[in-house]
Amino acid sequence: MPNQESQSQIAPHLFVILGATGDLMGRKLLPALHHLAQQGKLGPRSYVLGAAVDTDLDDKAFRARARRWLVDDGVSPAELEAQWCNQKLFYQTIGSGGADDYRALAARITAIEKELQLPGNRVFYLALPPEIFPTVIQRLGEAGLSEGPGWTRLVIEKPFGRDLSSAEQLNAVVHQHFEESQVYRIDHYLGKETVRNILVFRFANSLFEPLWNRDRIESVEITVAETLGVEHRARYYETAGALRDMVQNHLTQLLTLAAMEAPAAFDARAIREEKTKVLRSVRPIRLEDVVFGQYGPGTVDGAKVQGYQEEPGVAKNSQMETFVALRVEIANWRWQGVPFFLRTGKRLPCRMSQIVINFRCPPVSMFRPFDACEIHANALVITIQPDEGFDLRFEIKAPGQEVELQSRSLHFRYSEAFAPLPDAYETLLLDVLLGDATLFVSDDWVEASWSIYTPLLHNRPPVLPYAAGTWGPAESNHLLRDLGRDWSAP
33 MPNQESQSQI APHLFVILGA TGDLMGRKLL PALHHLAQQG KLGPRSYVLG AAVDTDLDDK
93 AFRARARRWL VDDGVSPAEL EAQWCNQKLF YQTIGSGGAD DYRALAARIT AIEKELQLPG
153 NRVFYLALPP EIFPTVIQRL GEAGLSEGPG WTRLVIEKPF GRDLSSAEQL NAVVHQHFEE
213 SQVYRIDHYL GKETVRNILV FRFANSLFEP LWNRDRIESV EITVAETLGV EHRARYYETA
273 GALRDMVQNH LTQLLTLAAM EAPAAFDARA IREEKTKVLR SVRPIRLEDV VFGQYGPGTV
333 DGAKVQGYQE EPGVAKNSQM ETFVALRVEI ANWRWQGVPF FLRTGKRLPC RMSQIVINFR
393 CPPVSMFRPF DACEIHANAL VITIQPDEGF DLRFEIKAPG QEVELQSRSL HFRYSEAFAP
453 LPDAYETLLL DVLLGDATLF VSDDWVEASW SIYTPLLHNR PPVLPYAAGT WGPAESNHLL
513 RDLGRDWSAP
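FYI, my numbering numbers position 370 of the sequence shown as 402, with every residue one higher than the one before it.
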């Protein structure tokens, strides 16, 4: 996790984006790179080469498109530095994606580096459909682009595989051409400030770490809720579903950050090792501990919405899950007997990502003789979005003669304490350029995660209906039945 001083040490480089005419480029990558450049964080010798199949584009047309993207993203024409687009952006077609096209790409890279006197440091960012990752990686290797005069780094967007077998095959292709130290598997969730701060919160505060175990914690809930439906992603979602799209990566990343042991050092290797150890301690998930759901018609934010099967591009009898809730048990010394509950879904009542640490109630209540003295367990709520911060819920006595207990919160919000937070992609792109892999996914983490969830893909539970605007199938509350309560309220 780089500091301000290290940001000035970014070496001159060429940032090559494959798929540079796609949605990810226009919405995320280009705005992030432009903003970093405006802040002076990239250095004066940072250049971008867009590569895509479009044969009717050249440098000039690509730069004009880039300016339109930035204006669409909210950059006013007055703030937009046209010189940045004109001086820093280049374009190279890769045509049909054959071997000759990638040799032409390699030649263009060499020519740009020679013209601009760059030392040969390169990033290759795959902003591409996941099904062509293996072919593109192979083409890069065959064209001699897996290594260069300087350092070479490969950035791969999720999803990384569709199950354990495909993830292992993709890792094998990657390692055939790139060293693992060169590979940055990007999950934008890990760039969010609160996610980055979980380790600091846990291991820099002696107040919490002694309580972070099975003796003091009853359960942990991790929820990532969306109000949106599948929108324009039906083609992808019909082959993915919520388990692949959200649970295997986003929610499992949060699980490992919340459950990991203290690393030996605050560096990428030690942190990634501890996260992977958590996954290797997860017990096989029983089918009765999983609930799949699919949203039907309902009301979200006061507006009527259609069900999943009525969405454009979705099969009328589709059984793809848009909601998953499951119970995970970690069989290690710290967490034995503490259930972790994971929940995600589309068309839920609100947009929210949070981790709730539910502490145990006092073993005996001295307040039972009083009618209004039900004790609620303390809870730590880590909010990742939309309002990033922390809440610590505890019990107090309400003023007055009678003994009445009420729950109140101490809270911290980043928006109240700091200037606007950096976009997650800005954070992660800087880390790539600095060679800091702390917030990126390792090969063994990917395979360990898929080993947990692949059995559920082969032996799927029934998909239960739920109305849009609700918290999923009522059966998801049954996962917490032995605790005698429902999911924590947002």
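Each residue gets a CB set at the ideal place from its N, CA and C atoms; glycine is no exception.
With distances taken from CA atoms, which of A52, L358, A64, E163 is nearest L202? E163
>> Between T459, V85, R154, which has its C-alpha nearest I126's C-alpha?
In response: V85
**OP:** Go ahead and label I188 buried or exposed: buried means 16 or more other beta carbons lie within 10 angstroms of its beta carbon, across all protein chains shown.
**Re:** buried
Rounded Cβ spacing between V22 and P344 (contact assumed at less than 8 Å): The shown model of the chain, from 33 to 522, leaves out residue 22, and the question about it has no answer.
Exercise. Taking contact to mean at least 3 C-beta pairs separated by less than 8 Å, is the region 212-227 in contact with the region 367-382?
Worked result: no
Assigned secondary structure, L89 (DSSP; H/G/I helix, E/B strand, else coil):
coil
* Which whole-angstrom value is the C-beta distance of V155 and V48, which I expect to be below 8 Å? -> Their Cβ separation, rounded to whole angstroms, is 6 Å, which keeps V155 and V48 in contact under 8 Å.
Whole-angstrom C-beta distance between F391 and G504, which should lie under 8 Å: Not a contact, Cβ separation roughly 25 Å.
Exercise. Taking C-alpha atoms, which residue in P452, A500, N364, A272 lies nearest to F192?
Worked result: A272
(request) Determine the burial state of A404: buried for a count of at least 16 other Cβ atoms within 10 Å of its Cβ, exposed for fewer. (result) At A404, the pLDDT of 49 sits below 50, so the modelled position is not reliable and the matter cannot be decided from this model.
- Query: My guess is that S520 and A411 are in contact by the Cβ rule of under 8 Å, so how many angstroms apart are they, rounded?
  - Reply: 7 Å
query: Does the Cβ of H264 have 16 or more other Cβ atoms within 10 Å, making it buried, or fewer, making it exposed?
result: exposed
### CB contact flag (M360, V388, <8 Å)
A small fix is needed here, since residue 360 is Val in this sequence, not Met. For V360 and V388, no; Cβs fall outside 8 Å.
Expressed to the nearest angstrom, what Euclidean distance is found between the alpha-carbon atoms of L172 and N509?
-> 48 Å
Sequence-distant residues of its chain with Cβ nearer than 6 Å to D476 (five each side left out):
T308
N-terminal and C-terminal residue of the beta strand (DSSP E) that Y157 is part of: Boundaries of the beta strand (DSSP E) around Y157: 154-158.
Next on the checklist: Less than 8 Å between the C-beta atoms of T288 and V310, yes or no?
Outcome noted: Yes, the pair counts as a contact, with Cβ atoms nearer than the cut-off.
Using the rule of at least 16 other Cβ atoms within 10 Å of the residue's Cβ for burial, across every protein chain shown, is H66 buried or exposed?
With 16 or more other CB atoms across the displayed protein chains lying within 10 angstroms of its CB, H66 is buried.
Checklist entry - What three-state label does DSSP hand A357 in the structure shown? => result strand
Alpha carbons only, please: which of L74, P497, A506 is nearest the one belonging to G325? Of the candidates L74, P497, A506, the one whose C-alpha sits nearest the C-alpha of G325 is P497.
### Message
Can you give me the C-alpha to C-alpha distance between D514 and W116, rounded to a whole angstrom?
### Response
59 Å
Compare the beta carbon distance of F422 and H408 with 8 Å and say whether it is the shorter of the two. Contact: no.
Closest Cα partner of E258 within the set T184, Q341, C382, R217:
Its Cα nearest to that of E258, the residue C382 stands out among T184, Q341, C382, R217.
- Message: If distances are taken between C-alpha atoms only, which option among N281, E306, A300 comes closest to E293?
- Response: E306
Using 8 Å as the threshold, is the C-beta distance between L460 and I218 below it? When the beta-carbon positions are compared, L460 and I218 come within less than 8 Å of each other.
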